[in-house]
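Enquirer: This structure is in structure tokens; I'll ask about it shortly.
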Amino acid sequence: MTQQQGTEEVSGTTTRFVLRILHSYFAISRGMTLGVRAACFDEEGRIFLVRHTYVPGWYMPGGGVERRETVPQALEKELREEGNLVMTEPPQLFHVYYNSKASVRDHVMLYRAKVRQTAPRRPDREIAESGFFDLHDLPVDTTTATLRRLAEINGEVNPADIW
1 MTQQQGTEEV SGTTTRFVLR ILHSYFAISR GMTLGVRAAC FDEEGRIFLV RHTYVPGWYM
61 PGGGVERRET VPQALEKELR EEGNLVMTEP PQLFHVYYNS KASVRDHVML YRAKVRQTAP
121 RRPDREIAES GFFDLHDLPV DTTTATLRRL AEINGEVNPA DIW
């Protein structure tokens with residue numbers, strides 16, 4: 001088979017104008033938010049969790065995807081900010097969830113990542129505590145959603161579509 005050149009998906013002034021109008025309409029009529037989280041494992045197989053200052057419980061690190069930011073950029077940023085973590089190999093998308101408890105518009109992309117910590121994460125206004133934990137010795141106040149996601153990742157239950 002001969003390689004074809006293909007057609008640019010977005011080209012020309014008229015196309016750009018129409019797309020801008022449509023996307024403005026979509027932002028109002030069916031806008032959604034998108035977040036990323038990662039089940040981050042170190043070389044010893046321990047999972048990294050964070051405890052925020054503004055909500056109870058222990059969570060996997062993550063956050064929102066900002067405008068003009070790709071999902072991989074958001075994931076890398078959140079892991080760096082919340083844990084001084086760097087991924088040692090490409091992350092693997094595990095599942096995409098509808099997070100109806102956060103908002104009627106929220107979706108979360110959950111990744112599995114192998115990481116190393118460049119320096120201990122010191123507490124600040126956002127993160128009260130963080131650390132690596134053995135999967136059989138998680139903090140008592142680990143959130144139910146975090147526990148469900150870990151059971152899914154470990155193959156104990158099928159992934160749900162709702163966070």
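Numbering (the UniProt record's numbering), first residue to last: 1 to 163. Backbone N, C-alpha and C fix where the C-beta goes; we use that ideal spot for every residue, glycine too.
Contact defined as beta carbons within less than 8 Å: I believe Ala-39 pairs with Leu-110. What is the distance between those atoms, to the nearest angstrom?
Expert: 7 Å
Enquirer: Is the distance from the Cβ of Lys-114 to the Cβ of Glu-44 below 9 Å?
Expert: no
Enquirer: Could you check if Tyr-54 is buried or exposed, using at least 16 other CB atoms within 10 Å of its CB as the buried criterion?
Expert: exposed
Enquirer: Just curious, the alpha helix (DSSP H) that Phe-77 is in, first and last residue?
Expert: Reading off the sequence shown, one finds Lys at residue 77, where the question assumed Phe. Boundaries of the alpha helix (DSSP H) harbouring Lys-77: 71 to 83, taken from the DSSP string.
Enquirer: May I ask you to verify whether the stretch 144 to 159 touches the stretch 91 to 104, counting CB pairs closer than 8 Å and requiring at least 3?
Expert: yes
Enquirer: Can you have a look at Thr-146 and say buried or exposed, based on whether 16 or more other CB atoms are within 10 angstroms of its CB?
Expert: buried
Enquirer: Alpha carbon to alpha carbon, how far is Ile-47 from Phe-17?
Expert: 46 Å
Enquirer: Which of the three DSSP states, helix, strand or coil, is assigned to Ser-24?
Expert: helix
Enquirer: Do you know whose CA, among Arg-148, Ile-162, Glu-78, lies nearest Glu-156's CA?
Expert: Arg-148
Enquirer: Here's a check: name, in chain order, each residue in its chain whose Cβ is nearer than 8 Å to the Cβ of Thr-7, leaving out the five neighbours to either side.
Expert: Residue placement at Thr-7 is flagged as unreliable, the pLDDT there being 46, under the threshold of 50; the coordinate-derived value follows with that caveat. There are no such residues.
Enquirer: So is the beta-carbon of Leu-79 under 8 Å away from any non-hydrogen atom of the ligand MN?
Expert: This structure lacks the ligand MN; in fact it carries no ligand of any kind.
Enquirer: For the alpha helix (DSSP H) containing Ile-153, list its first residue and its last residue.
Expert: 144 to 153
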